[in-house]
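> Chains as they are written, first to last, in the numbering used here: chain A, 1 to 287; chain B, 288 to 574. By construction, the Cβ of each residue, glycine as well, lies at the ideal position given by its N, Cα and C atoms.
Protein chains: 2
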Amino acid sequence: MLDYAALAALAEIIRRGSFEAAAAALGVTPSAISQRIKGLEERMGEVLIHRGPPARGTAMGLRLMQHLDQVRVLEQALGTDPGAAPATLRLAVNADSLATWFPRVMTALDVIYDLVVDDQDHARDWLRKGEVSAAISSDPEPVPGCDAYALGHMRYHALATPAFIARHFPDGVTEAALRRAPSVIFNMKDAAQSRWAESLTGTKLHLSGHQVPASEAFARVVELGLGWGMIPDSMAAPALAANRLAHLAPDLPLDIALYWHVQRAIRPALASLTGAIRKRAAEDLRP
Amino acid sequence: MLDYAALAALAEIIRRGSFEAAAAALGVTPSAISQRIKGLEERMGEVLIHRGPPARGTAMGLRLMQHLDQVRVLEQALGTDPGAAPATLRLAVNADSLATWFPRVMTALDVIYDLVVDDQDHARDWLRKGEVSAAISSDPEPVPGCDAYALGHMRYHALATPAFIARHFPDGVTEAALRRAPSVIFNMKDAAQSRWAESLTGTKLHLSGHQVPASEAFARVVELGLGWGMIPDSMAAPALAANRLAHLAPDLPLDIALYWHVQRAIRPALASLTGAIRKRAAEDLRP
Chain A
1 MLDYAALAAL AEIIRRGSFE AAAAALGVTP SAISQRIKGL EERMGEVLIH
51 RGPPARGTAM GLRLMQHLDQ VRVLEQALGT DPGAAPATLR LAVNADSLAT
101 WFPRVMTALD VIYDLVVDDQ DHARDWLRKG EVSAAISSDP EPVPGCDAYA
151 LGHMRYHALA TPAFIARHFP DGVTEAALRR APSVIFNMKD AAQSRWAESL
201 TGTKLHLSGH QVPASEAFAR VVELGLGWGM IPDSMAAPAL AANRLAHLAP
251 DLPLDIALYW HVQRAIRPAL ASLTGAIRKR AAEDLRP
Chain B
288 MLDYAALAAL AEIIRRGSFE AAAAALGVTP SAISQRIKGL EERMGEVLIH
338 RGPPARGTAM GLRLMQHLDQ VRVLEQALGT DPGAAPATLR LAVNADSLAT
388 WFPRVMTALD VIYDLVVDDQ DHARDWLRKG EVSAAISSDP EPVPGCDAYA
438 LGHMRYHALA TPAFIARHFP DGVTEAALRR APSVIFNMKD AAQSRWAESL
488 TGTKLHLSGH QVPASEAFAR VVELGLGWGM IPDSMAAPAL AANRLAHLAP
538 DLPLDIALYW HVQRAIRPAL ASLTGAIRKR AAEDLRP
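(1) Contact criterion: CB-CB distance below 8 Å. Does THR58 of chain A meet it with respect to chain B?
(2) My understanding is that TRP547 of chain B touches ALA421 of chain B, with C-beta atoms under 8 Å, so please give their C-beta distance in whole angstroms.
(3) What in chain B is Cβ-close to HIS206 of chain A, meaning under 8 Å?
(4) Looking at the C-beta of HIS455 of chain B, does it have a partner C-beta in chain A at a distance below 8 Å?
(5) What does ILE553 of chain B touch in chain A if you count any residue whose Cβ is under 8 Å from its own?
(6) Taking the CB atoms as reference points, tell me whether GLY344 of chain B and LEU335 of chain B lie closer together than 8 Å.
(7) CA-CA distance, ASP368 of chain B and ARG359 of chain B?
(8) At a Cβ threshold of 8 Å, is TYR291 of chain B touching chain A?
(9) Which residues, in order along the stretch 91-124 of chain A, keep a beta-carbon less than 8 Å from a beta-carbon of chain B?
(10) Could you run through the stretch 475-507 of chain B and flag, in chain order, every residue whose CB is less than 8 Å away from some CB of chain A?
(11) Beta strand (DSSP E) containing SER183 of chain A: first to last residue?
(12) For PRO431 of chain B, which residues in chain C fall below 9 Å Cβ to Cβ?
(13) Using a Cβ cut-off of 9 Å, which residues of the stretch 243-254 of chain A contact any Cβ in chain B, in chain order?
(14) Please work out which residues of its chain come closer than 7 Å, Cβ to Cβ, to ILE518 of chain B, disregarding the five sequence neighbours upstream and downstream, and give them in chain order.
(15) Give me whichever residues DSSP pairs with HIS261 of chain A in a beta bridge.
(16) Return the first residue and the last residue of the beta strand (DSSP E) that ARG90 of chain A is part of.
(17) Using the beta-carbon of each residue, which ones in chain A are nearer than 8 Å to LEU595 of chain B?
(18) Which of helix, strand or coil does DSSP assign to VAL117 of chain A?
(19) What does PRO449 of chain B touch in chain A if you count any residue whose Cβ is under 7 Å from its own?
(20) Measure from the C-beta of PRO182 of chain A to each C-beta in chain B and report whether the shortest distance is under 8 Å.
(21) Between which two residues does the beta strand (DSSP E) holding HIS210 of chain A run?
(22) Since MET331 of chain B is in the alpha helix (DSSP H), which residue starts that stretch and which ends it?
(23) Closer than 8 Å is the cut-off here; do at least three beta carbon pairs connect the stretch 382-400 of chain B with the stretch 203-219 of chain A?
(24) Between ALA276 of chain A and the rest of its own chain, which residues show a CB-CB distance below 7 Å, the 5 nearest in sequence each way excluded?
(25) My guess is that LEU178 of chain A and LEU207 of chain A are in contact by the Cβ rule of under 8 Å, so how many angstroms apart are they, rounded?
(26) Should the stretch 372-385 of chain B be called in touch with the stretch 415-431 of chain B, which here means at least 3 C-beta pairs below 8 Å?
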């Protein structure tokens, strides 16, 4: 068996960023913490923490922290230790799900959530690296050791202010106009705008755009007329109804499929969360 | 002089994550791009791009990209080339400013914004590393070569649902109850909850909490009763008025000072943005 007291020390150091803060949180001395980590690193035969500051987990350190979290979630599901602190569950969630339907499902399971936010095309990478227990991702392919549940589709519309459309697309949404008009993208990994432009024009375009890596701010920047961008329909509805936003091409939405990926070993302990996610997705997403 | 065509190639590669995408965006061949980067790396005597995939800038690569962006902003301010594409301005903004007052100032300057979002305590690090032209930060100390403008204070309140307060703080917000009750934090770097708890109890507490690294989702998770957290007053007002949220201690807000840090070399070109930021801060922040 692994030394779980040492794993607990490892997880506290990675979460708090220092040996001192971890020691204080666990109520032991910094030298006791150092001893535990040293023993664990000797046993594993590799470095688990970049000492920093701030202290950060190595790839193996992060995997071990994730393993400890899963053991705690499984322990909690056993229900034999009602006085124990709630387990931590590390999940990767795409930013637009977190900005819309996801928070309401979080009440389904009594854990401490540690959310990692990434683009829907990349949330699955976190699972593959073994750094999260589950993920919302647009990739249907299960990671080895994981199960994937189809949740439905999030619908995006290409939107801008009426003034922006009049100024940048006077002759319609042509390839030439799309090349010139500023778009808004979440970050460089966000391909939604390019994918939509390609589906409209049939050509791979190289768009330039503002980078606004926060979902609500992204929508506000579009509403302020700084660029056009793909906004989930539930977020866009009020601004569309009030004519603050308009469609670049109303008949061409972009539907992005979402999947819930769960580590198989921990799946039974997450059953109530998986149930809540599937129920909410059935209500809030498109089939 | 530096080879600015090579710098342009470097910036496109870093922004688009591959030599191929950069070549397509610039309308040249991938081998031409490779030659430019090779020449630049020989001249600088160090690697500028980790080849990936995805291709990523080294520390020096990012500094050079930032330098190019600044030269373009200065060129644009000259106003001699009205047909040129707008310059890119890379800024570090704290998440809560981006979620509240910041987007409206972005219309003051006709550039493509590349926003980096970080905690207000750390936005200044991006400036220190030379990777952004300006930053909103809680640190008053100017970075060498930069000027800092005091903007005022963002006021935070410690809030939770009435049911959460009744369950976790039946005998008031005591030190023991704070140790047990789950909080919500933005990420491990977010010290606002700990700082507030310390100002209330006089003791350094080691809080455990959900990590929700998105401002609006953070507020929604608090409103769903998953934990207590520090929320900016402008974001909390509707939920407070509707009694969906209540104060843990109404007379103990946490005021966080914000500063606008600007690279001195580029300051004149950003005058209109600086003016808009100071004006909006005077209206939306506390003195």
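Looking at the coordinates:
(1) The C-beta of THR58 of chain A comes no closer than 8 Å to any C-beta of chain B.
(2) Their Cβ separation, rounded to whole angstroms, is 7 Å, which keeps TRP547 of chain B and ALA421 of chain B in contact under 8 Å.
(3) ARG303, ALA308, ALA311, ALA312, listed in chain order.
(4) Not an interface residue.
(5) Simply none; closest approach about 18 Å.
(6) The Cβ-Cβ distance between GLY344 of chain B and LEU335 of chain B falls below 8 Å.
(7) Their Cα atoms are separated by approximately 11 Å.
(8) Not one chain A Cβ lies under 8 Å of TYR291 of chain B.
(9) With the criterion set as a beta carbon lying under 8 Å from some beta carbon of chain B, the members of the stretch 91-124 of chain A are ALA95, LEU98, ALA99, PHE102, PRO103, ARG104, MET106, THR107, ILE112, TYR113, ASP114, LEU115, VAL116, VAL117, in sequence order.
(10) Taken in chain order, the members of the stretch 475-507 of chain B whose beta-carbon sits within less than 8 Å of a beta-carbon on chain A are MET475, LYS476, LYS491, HIS493, SER495, GLY496, HIS497, GLN498, VAL499, PRO500, ALA501, SER502, GLU503, ALA504, ARG507.
(11) That run of the beta strand (DSSP E) goes 183-185.
(12) In the structure shown, chain C cannot be found, because the protein chains are A and B.
(13) Of all residues in the stretch 243-254 of chain A, none has a C-beta nearer than 9 Å to a C-beta of chain B.
(14) Within the same chain, Cβ atoms closer than 7 Å to the Cβ of ILE518 of chain B are found at TYR443, HIS444, LEU446, ALA506, VAL509, the five residues on either side in sequence being excluded.
(15) For HIS261 of chain A, the beta-bridge partners assigned by DSSP are A:ALA135, A:ALA148.
(16) Note, ARG90 of chain A: beta strand (DSSP E), 88-94.
(17) Because chain B here runs from 288 to 574, residue 595 of chain B falls outside it and cannot be looked at.
(18) Three-state DSSP puts VAL117 of chain A in a strand.
(19) At a beta-carbon threshold of 7 Å, none of the residues of chain A lie near PRO449 of chain B; the nearest stands roughly 16 Å away.
(20) Interface residue, yes.
(21) In the DSSP annotation of this structure, the continuous segment of the beta strand (DSSP E) that includes HIS210 of chain A starts and ends at 209-211.
(22) Residues 317-331.
(23) By the Cβ test, the stretch 382-400 of chain B is in contact with the stretch 203-219 of chain A, since at least three Cβ pairs between them sit closer than 8 Å.
(24) Same-chain partners within the cutoff: VAL105, ALA108.
(25) Their Cβ separation, rounded to whole angstroms, is 7 Å, which keeps LEU178 of chain A and LEU207 of chain A in contact under 8 Å.
(26) A contact exists between the stretch 372-385 of chain B and the stretch 415-431 of chain B.
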